[in-house]
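Undergrad: Below are the C-alpha cells for one structure; questions will follow.
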Amino acid sequence: MADYVTFARAYEALEHWMAQPDLLPVLQRELQRLIEQLERNSDAELKDEICDRFHKHLKYGTGGLRSLMGAGNNRFNIYTVRWATQAICKYLQAEPNAPLWNCEATLTRDEAAKGGVNDNGVGAVYSVGKPLLSMAVAYDSRTLSDRFALETAGVLLANGFRVYLFPTTAPAPLLSFAVRHFGCRGGIMITAGHNPSTYNGYRLYDSQGCPVPAHAAADLQAIMNDLDVFKDIQVIEADAEAFTTRKGPDGRPLLNVIGKDLWAAYEATLLRCSSGVRCEKLEVVTTPLNGTGSGLLQEVLHKLDVAQVHAVPEQEKPDPNFTTCPVPNPEKQEALRKGLTLCETLSTPDLLLASDPDCGRLGTAVRLKEPRPGKGTYQRLTSNQLGILLLDFLCSARRLPDSPVLIKSVLATPLADAIAARYGLTTINVLPGFSHIGRQLHTLEKEGRLGSFVFAFDGSGGFLSNPALRDKDALNAAFITAEMAAYYKNQNKTLTERLEELYRKYGYFLEKELEISLEGHAGSLQMEKIMKDLRRNTPETVMGSDVIAVTDFLKREDGGPTADIFRMELEDGGRITVRPSATESKLKITLSTKEPTPEAAAALVDRMELSVKGWIKEWSKSTKR
C-alpha cells in the first residue's frame, strides 16, 4: 500500500496533468474517471494505481522504455514519448561526441552503395565527416505505434535533427541495420516486443545499431527526470507544413522517408550468412503473430528456394490487438497454437517459424518422425534448444574462422559453452539483454576481429549470426534455422534426433523458467523486497542439497556492468537464478541442471521447482505484512 507522502506527490502530478489546457481528450477523460473513482472509494488498490502512474517516471531497462498505454508519467502516451525524445535531443546536443553515439566512418561511399557491407561482408557505419545529428525512427504494428513514431520524429525535427523515418511498420532488426547504413547517431523503435497489446514501448539504439543498455542510459534518465513532461518539450506537429519542409543547414529537408533500397541492402547482408545448404525439399509454416514480420519471413525463405512456405492466415496481417494471440511471445506454447494446428492439418511441414511483433525473437516447432500419443507430430523447441542446435550447425556445417567467438547471455544454457569448447570457440558470457551482445560485437569490430564472430544468443528467443547487425534478428534466425533443418533433412534426420545426439554427447542439460506477476506500484516494491531478502537470507540448502556457491551480479569484482540477478549453485548440480524481468512486471526464476539421463534431469528440476514454489508462498506472505 502506498504511504501518505508517496500518494500526495503522485496526486499532485495527476493534477499537473489535468491542468494542461491542450491535454488529449481521451487522456483527460481517463484521468477524470480516476478522480471520480477516488472520490467515491479511496481504496488502497486505486491509490496504488495512481502512485504507479504518477509517482514514478518511465524507466530505461534492457528493453528500453516499456509500459502500459494510458495517462501518467509512468505510462506510454504521446507526452511521455515526446519527453523521452527531448531528453535524447538535449543529451546529444550537449555531448555530440559521447562514446555511445559517435559515428565512425568505416565504410567507403562505394561500400555503402553495395548495401552497407565491405568486401568481407561485414557491416559498418557509413558517414562522411561528422554529419548533422540524425536518427532513424521505426514502429511496429501495435495500437498507436504509428502516431508515437510521428511524435518522436516531430520532436527530433523541432530540435534540428535529420530524421530517417520508415513509412510503414518495420522489424526492429531492420532499424538496427538502418542506423548503420545511413550513418545515424542512433535509432528509435516504437515497440513493446512480445508484451500484450495494452503495452507499448520505446527501444533506443546507439550509432552502432546496438540497443542502449540500462547502465549507459543513466544520463538520459537523469535528463528526462529534470524535464517537465509538458513545458520543456519542442515539437513540430505531424500535420504542420514544417514537418515535411523544414531544412537543415545544408539546405536539404530534415525529414527523409526510407525507401525500398534499404531492404535490398539488408537482404544482401543476410544472403552472405548462407551456408549454401540446398533447401528445395523443405516445407515450412510461418507466422509473424500479427506483427512486423508479415510477408518478410516468407520472402527470406523464398531466397533459400524453400519448396513450400505456408502462412498462418489468421496471423499473417498486422493486428494491433493480437486477437488470435493475446501474449505474442513465440517462446510460449500458446503463441504457437495456430501455427501448430496448421502444421498438424497439413501433416507434411518440417518446421514452424514464428516471430514476435517487432521481429526480434524467433520461436520454432519441428516435425517428429513418429507422433507422440495425445501430443501430435510437432514439438516446440525451447530457445535454449534452438540456440544449441544452431551453434552446433554453424560449427559443423561451415568452415570456422580463425579464433572463432560465441557470445551468449549468462542466462543461456551452459551446454552452449561445452559445444563451443569442443569446436575451439572462445565463449563470451554477458549480462541479459542484447545490448551487451551488441557491445561485444562492437568491441570485436574495433579490434579488427569481427570476422571471428560465429553466433550469439540470449536464451530468450534472441539469435544473431549476421555481423552487419547489433541486435537480435528473427529473420536472420529463420534463415539459418531453415538451412539447418534442410541440412539434417538431407541426411534423413530430424532436429529432435540431432538434439538427442547432442544430449548423449554432452549430458542432459535442462532449463525451466518460473514467473511471478507483480503488477503496479505495490508489485514493484514487493519485487525489490524479495531480491533484498534473498540476498540477506540466502537459503543454506534446497531440498536437502547444500548451496555451495552464490553469484550476485550486482557486485562485479571485475568492474563490468551490473544487473539485479542472484544465482545459487547447488551441490547436486542444480542452479537457481532469480531476477526481475526487464520488460514485464514479473519476477523470473530460472532452474537448470545437467544430468546423465533426461529422467534424472527432469527429477532434479522438479525438486527445485517444488522448493522454489514454497519460497514464493513465503515471499508473498512476508511482503504483505
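17 is the number of the first residue of the sequence shown in my numbering; add one for each residue after it. Quick reminder that beta carbons are idealized off the backbone N, C-alpha and C, glycines included. No experiment lies behind these values; they were computed from the predicted model shown.
1. Taking DSSP as the reference, what is the three-state secondary structure of P483?
2. What residue range does the alpha helix (DSSP H) around G355 cover?
3. Between K629 and R551, what straight-line distance do the alpha-carbon atoms span, to the nearest angstrom?
4. Would you identify the three-state DSSP class for N272, choosing helix, strand or coil?
5. With 16 as the cutoff for other CB atoms within 10 Å, does N57 come out buried or exposed?
6. Where does P336 sit, in a helix, a strand or coil, going by DSSP?
7. Going by the CB atoms, is the gap between G225 and D474 shorter than 9 Å?
8. Please confirm if the region 583-600 is in contact with the region 565-572, defined as three or more CB-CB distances below 8 Å between the two stretches.
9. Name the DSSP bridge partner or partners of H326?
10. Determine the contact status of K462 and I444, defining contact as a CB-CB distance below 9 Å.
11. Going by DSSP, which residues form a beta bridge with T159?
12. Decide if I564 is buried, meaning its Cβ has at least 16 other Cβ atoms within 10 Å, or exposed.
13. With DSSP run on the structure shown, which of helix, strand or coil describes S608?
14. Between K509 and R415, what straight-line distance do the alpha-carbon atoms span, to the nearest angstrom?
15. Give me the DSSP bridge partner(s) of E531.
16. May I have a chain-ordered list of the alpha helix (DSSP H) segments no shorter than 4 residues that lie completely inside the region 67-109?
17. What does the Cβ neighbour count give for L626, buried or exposed, with the cut at 16 atoms within 10 Å?
18. Tell me which residues share the same chain as L43 and place their Cβ nearer than 7 Å to its Cβ, disregarding the 5 neighbours each side in the sequence.
19. List the whole-angstrom C-beta distance separating R294 from N506, where the pair is believed to meet the contact cut-off of C-beta under 8 Å.
20. Report buried or exposed for D335, applying the criterion of at least 16 other Cβ atoms within 10 angstroms of its Cβ.
21. Within the same chain, show all residues whose beta-carbon is closer than 6 Å to that of P417, passing over the 5 residues directly before and after it, in chain order.
22. Here's the rule I'm using: 16 or more other beta-carbon atoms within 10 Å means buried, otherwise exposed. How should R396 be labelled?
23. Let me know the secondary structure DSSP gives G145 once reduced to three states.
24. Taking the Cβ atom as the reference point for each residue, do R219 and L81 lie within a distance shorter than 9 Å?
25. Do you know how far the Cα of Y519 is from the Cα of A437?
26. Could you name the residues that DSSP lists as bridge partners for Y180?
27. Cβ atoms of G379 and K348: under 9 Å apart, would you say?
28. With C-beta atoms as the reference, is L368 less than 9 Å away from M500?
29. Cβ of S192 within 9 Å of Cβ of D622?
30. Going residue by residue through the region 372-444, where are the continuous alpha helix (DSSP H) segments of at least 4 residues, counting only ones entirely within it?
31. Taking the alpha carbon of V446 as the reference point, which residue from A579, M624, A413 has its own alpha carbon closest?
32. Closer than 6 Å by C-beta to Q324: which residues in its own chain qualify, once you throw out the five before and the five after it? Chain order, please.
33. Given this structure, state the Cα-to-Cα distance separating P387 from R514, to the nearest angstrom.
34. For W631, name the three-state secondary structure that DSSP assigns.
35. Do three or more CB pairs link the region 519-533 to the region 349-356 at distances below 8 Å?
36. If we ignore side chains and look at the alpha-carbon of each, how far apart do Y20 and L30 end up?
TA: This is what the structure holds:
1. coil
2. 353-362
3. 18 Å
4. strand
5. exposed
6. coil
7. no
8. yes
9. V301
10. no
11. In the DSSP output, where bridge partners are listed per residue, T159 has none listed.
12. exposed
13. strand
14. 21 Å
15. K604
16. none
17. exposed
18. A87, N93
19. 7 Å
20. buried
21. G467, S468
22. buried
23. With a pLDDT of only 41 at G145, under the threshold of 50, the placement of this residue in the model should not be trusted; the figure read from the coordinates follows. Coil.
24. yes
25. 15 Å
26. A152, N272
27. yes
28. no
29. no
30. 399-412, 431-438
31. A579
32. E299
33. 17 Å
34. helix
35. no
36. 15 Å
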